[in-house]
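Here's the structure, in structure tokens; my notes come after.
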Amino acid sequence: MASNHAQQVVSKLWNYCNVLRDDGLSYGDYVEQLTYLLFLKMAHERTQPPYNQPSAIPAGHDWPSLVARDGDALEVHYRHTLETLGRCPGMLGVIFRKAQNKIQGPAKLRRLVADLIDRERWTTLDADVKGDAYEGLLEKNAQDTKGGAGQYFTPRPLIQAIVDVVRPAPGETICDPACGTGGFLLAAHDHVATHYALDRDQKRHLRLDALRGVELVDGVTRLCAMNLLLHGIGPVSDEADPPVKTDDSLRADPSARFDVVLSNPPFGRKSSVMTVTAEGDQEREALTVVRDDFWASTSNKQLNFVQHIKTILAIPGRAAVVVPDNVLFEGGAGETVRRKLLHECDVHTLLRLPTGIFYAQGVKANVLFFDKKPASPTPWTKTLWIYDLRTNVRLTLKTNPLKRADLDEFVACYRPENRYARVPTWSQDSPAGRWRPYPRTSCSPVIKPALTSSGSKTTPWRMPPPSLTPISSPPRSSKTSAPPWSSSKPSPPTSPRPGFPLINPPHLTPNGRVPHPSPLPQPPHPVPPPPPVGATRRVARLASARHPRTSPLLTCLLGPFLPSVDRLP
């Protein structure tokens, strides 16, 4: 928290939440109701001196109309107010869309309105105080393991480190296609506001036009809009469009392009829909996203978000996206996406995150940094730098949470002012270093076909032609007993035709059937078979054994960037 005042506000608001939980009100519902009342109170305060601004709330549904009522009249009027404001355009429609009163009991609603909200003058509070107070409520909501919004809450120290290395600048547009509660947008705004001396036009652009977020869930969208508004971001009236909206980012190409994209897309299983057949059987059908601007059609949400982020990036544009491990090593569509990403973008940095930092337990995630480049016949990715913060790092949400100081070394190694002046901390003499480069030109001949970007397509293993494929057979003993259905004397061999191997004619069974023919003899120079299943994994384990800081999973990921196996130290 930025100040003791913010802690006091959070403590006062959160203690009353414990009272409402006795009526079955969840943490998320409580924060949602606070969002409605805080917005109405702040809109009313802007109509008072020294602001004297016209009210954006329709007459009869403003804050004084709530304070003047009590009992059942307050509850009925509050419900009608939410319905009326939900039909308004602009920021009102974003915050009050599909709003419902979930506070059971007029007495408790009256206490929330008169005792907690009305006694505090919110507009006179510093933006950091009221913003940190609301952030504290969102964090407590995320910590609720049963019904909290932990999947929408990215650890703030991680967000701060990502923004510090990406460095958004004045005049740039920043987007988060899965904004959640607005952590990336808020951090980008603070970075620009604190690191640059802005003129009047730049301040207006930063407040109204620079930030754009998209969220799929209405309830989370209003939390994000209120979080930004309490920090002084976004329009209060209809002077501009709201910075966030409720929509499906993967539905179509939005046609808008942005200079910076920062996002933590949703993790989890693939999207699917349950259908019931005419026989009553349940079938689950995957929802595959098909778009012309995508490299691969898949139902994997993480892969689709990576492709979507590449689409909405301007040229040149910078992106930092949190992705799980399966995006980095999955085959099929994942291989296609990785190959195209390495070719069309400069994928220059990978941050391996430790486990235990997200509210979803057991998540193994990474942060992928890449720049969008113009079309080129050769791959843009030349060197991939990796910072391994996962090996020998144990973090938990409560006893040992992630702190900004844990990422100081990564930010220093990243060298955002000049990426070409990076210096690795790992070497054979210092194997404990976490920062090292992997050039694309030195590749393992076995791992390379799986993930290497060579022009426009990969170089997979090729099967030998069918005419040259040897037919293997089990070893025979010197005395092979004839099958029980064969005659006592085998038929003499037929005369071979020129150019064909000698094949023993089949023996007819008593039923007149033809058994399996004898195998063809081996060609004089057989073509070596394709590598056995698991060869890539075995080579990865070999490389991992000789590279103490590289796990087998990461070795498979770094196919184009690992040195050759026969040249390993």
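So the sequence shown is numbered by the working numbering: it starts at 905 and just counts up by one. Even glycine gets a Cβ: it sits at the ideal position worked out from N, Cα and C.
| task | Taking 8 Å as the cut-off, decide whether the C-beta atoms of Thr1300 and Gly1238 are in contact. | result | no
| query | Exposed or buried, Pro1475, counting other C-beta atoms within 10 Å across all chains shown (16 or more means buried)? | reply | Because residue 1475 is not part of the residues shown, which for the chain are 905 to 1473, the question remains open.
| task | For the beta strand (DSSP E) containing Glu1478, list its first residue and its last residue. | result | Residue 1478 lies beyond the range of the chain shown here (905 to 1473); nothing can be said about it.
| the segment 946-958 touching the segment 980-988, judged by at least three CB pairs closer than 8 Å | no
| said: So Phe1162 and Leu1090 are supposed to be a Cβ contact under 8 Å. How far apart are they, rounded? | reply: That belief does not hold up - the Cβ atoms of Phe1162 and Leu1090 are roughly 16 Å apart, past 8 Å.
| request: Starting from Thr1128, follow its DSSP beta bridges and name the residues at the other end. | output: Position check: residue 1128 holds Cys in this sequence, whereas Thr was assumed. DSSP output for Cys1128 lists no bridge partner at all.
| task | State the CB to CB distance for the pair Pro1328 and Arg1340, rounded to an integer number of angstroms; the pair is presumed to be in contact (CB under 8 Å). | result | 5 Å
| task | Whole angstroms is fine: what's the gap from Val1227's alpha carbon to Gly1236's? | result | 17 Å
| task | Return the Cβ separation of Arg1126 and Thr939 in integer angstroms, given the expectation that the two are a contact with Cβ distance under 8 Å. | result | 6 Å
| request: Measure from the alpha carbon of Glu949 to the alpha carbon of each residue in Val1124, Pro1220, Glu1024, Asp1333, then state which is nearest. | output: Glu1024
| Are Cys1249 and Trp1199 closer than 8 Å when you measure CB to CB? | no
| query | Which whole runs of the beta strand (DSSP E) in the segment 1286-1332 are 3 residues long or more, in chain order? | reply | 1287-1292
| field | Where Thr1098 falls: helix, strand or coil (DSSP) | value | helix
| message | Could you check whether Gly1138 and Leu1132 sit closer than 8 Å to each other, using their CB atoms as the reference points? | response | yes
| Are Leu978 and Leu924 touching if we call contact CB-CB under 8 Å? | no
| request: Figure out for me which residue from Ser1331, Phe1273, Ala1309, Lys1277 has the closest Cα to the Cα of Arg1323. | output: Phe1273
| query | CB-CB under 7 Å to Gln912, same chain, minus the five flanking residues each way: which ones, in chain order? | reply | none
| request: Whole angstroms is fine: what's the gap from Leu944's alpha carbon to Arg1256's? | output: 43 Å
| Which term fits Asp1105, buried or exposed, when burial requires 16 or more other beta carbons within 10 angstroms of its beta carbon? | exposed
| request: Note down, in chain order, each residue of its chain lying with its Cβ closer than 6 Å to the Cβ of Ser1167, except the 5 sequence neighbours on either side. | output: Asp1080, Pro1081, Ala1082, Val1225
| query | Distance, Cα to Cα, Ala1336 vs Trp1330? | reply | 7 Å
| query | Could you check where the beta strand (DSSP E) with Ile1219 kicks off and where it finishes? | reply | 1217-1228
| request: May I ask you to report which of helix, strand or coil DSSP gives His1411? | output: Model confidence at His1411 stands at a pLDDT of 48, short of 50, so the residue's coordinates are unreliable; what they give is reported in the following sentence. Residue state, collapsed to three classes: coil.
| task | Just tell me which of Thr1253, Gly1221, Thr1058 has its CA closest to the CA of Lys866. | result | For the chain, the structure presents residues 905 to 1473; residue 866 sits outside this window and is missing.
| request: Have a look at Thr1295 and Pro1258 and give me their C-alpha separation to the nearest angstrom. | output: 7 Å
| query | Is Thr1202 buried or exposed, if buried means 16 or more other CB atoms sit within 10 Å of its CB? | reply | buried
| task | Answer with buried or exposed for Ser1153, where buried requires no fewer than 16 other C-beta atoms within 10 angstroms of its C-beta. | result | buried
| query | Helix, strand or coil: how does DSSP classify Cys1083 here? | reply | coil
| Which of helix, strand or coil DSSP assigns to Ala1269 | strand
| request: Could you please give me the residues that DSSP links to Lys1276 through a beta bridge? | output: Gly1221, Cys1249
| field | Close beta carbons around Pro1320, own chain, < 8 Å, minus the five adjacent residues each side | value | Asp1068, Val1069, Val1070, Arg1071
| request: Output yes or no for whether 8 Å exceeds the beta carbon distance between Gly1136 and Cys1128. | output: no
| said: If I follow the unbroken beta strand (DSSP E) through Asp1163, where does it start and stop? | reply: 1162-1167
| Can you name, in chain order, every residue of its own chain whose Cβ lies under 7 Å from the Cβ of Cys1317, other than the five neighbours on each side? | Tyr1291, Arg1326, Thr1329, Trp1339
| field | Buried or exposed by the 16-neighbour rule on C-beta atoms within 10 Å, applied to Ala1092 | value | buried
| request: Quick one: give me the first and last residue of the alpha helix (DSSP H) that Pro1061 is part of. | output: 1060-1070
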